[in-house]
Amino acid sequence: MSELGIVKNHQVNFDVELRLESGRLLGPITLAYETYGQLNSNKSNAILVAHAWTGDAHAAGRHTQEDRKPGWWDDM
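Using the numbering used here, you'd call the opening residue of the sequence shown number 375 and step up by one each time.
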C-alpha cells in the first residue's frame, strides 16, 4: 500500500456558467481533488498537480483498505 494510506476524494460544484472569450458558456462544472498531508501555517507547502492528461483526480494513495487501484502517481 502507498505510504499515504487512505485518501479522500473531494468535489466542489460550480453551478454558474463561465462565459469564455469566444462567447460560449462553460458549465456547470464539478471539480474533483485530493489533498495529502497537512497545510502549514503560511500555506507555502501547497502544490497543484494538473491532471488533465489522466482524466482522473485520484493521484495517490487508496480510497479504502480494500481498494485495489492505487492513484496514478504511485508508480512514478
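C-beta: ideal position from N, C-alpha, C; glycine also.
Taking Cβ to Cβ, would you say residue i is nearer than 8 angstroms to residue j?
| i | j | result |
| --- | --- | --- |
| Ala431 | Tyr410 | no |
| Glu391 | Leu399 | yes |
| Asn387 | Thr404 | yes |
For residue i, which of helix, strand or coil comes out of DSSP?
| i | result |
| --- | --- |
| Asn399 | Checking the sequence shown, residue 399 turns out to be Leu, not Asn. In this structure, Leu399 counts as strand in the three-state DSSP scheme. |
| Ile380 | strand |
| Val386 | strand |
| Glu408 | strand |
| Arg436 | strand |
Report all residues from its chain with a CB closer than 8 angstroms to the CB of residue i; omit the five preceding and five following residues, and keep chain order.
| i | result |
| --- | --- |
| Glu408 | Val381, Lys382, Asn383, His384, Ala431, His432, Ala433, Ala434, Gly435 and Gly445 |
| Leu394 | Leu400 |
For residue i, which residues from the same chain have a beta carbon less than 7 angstroms from its beta carbon, with the 5 sequence-adjacent residues on both sides left out?
| i | result |
| --- | --- |
| Leu474 | Any question about residue 474 goes unanswered here, given that the chain covers just 375 to 450. |
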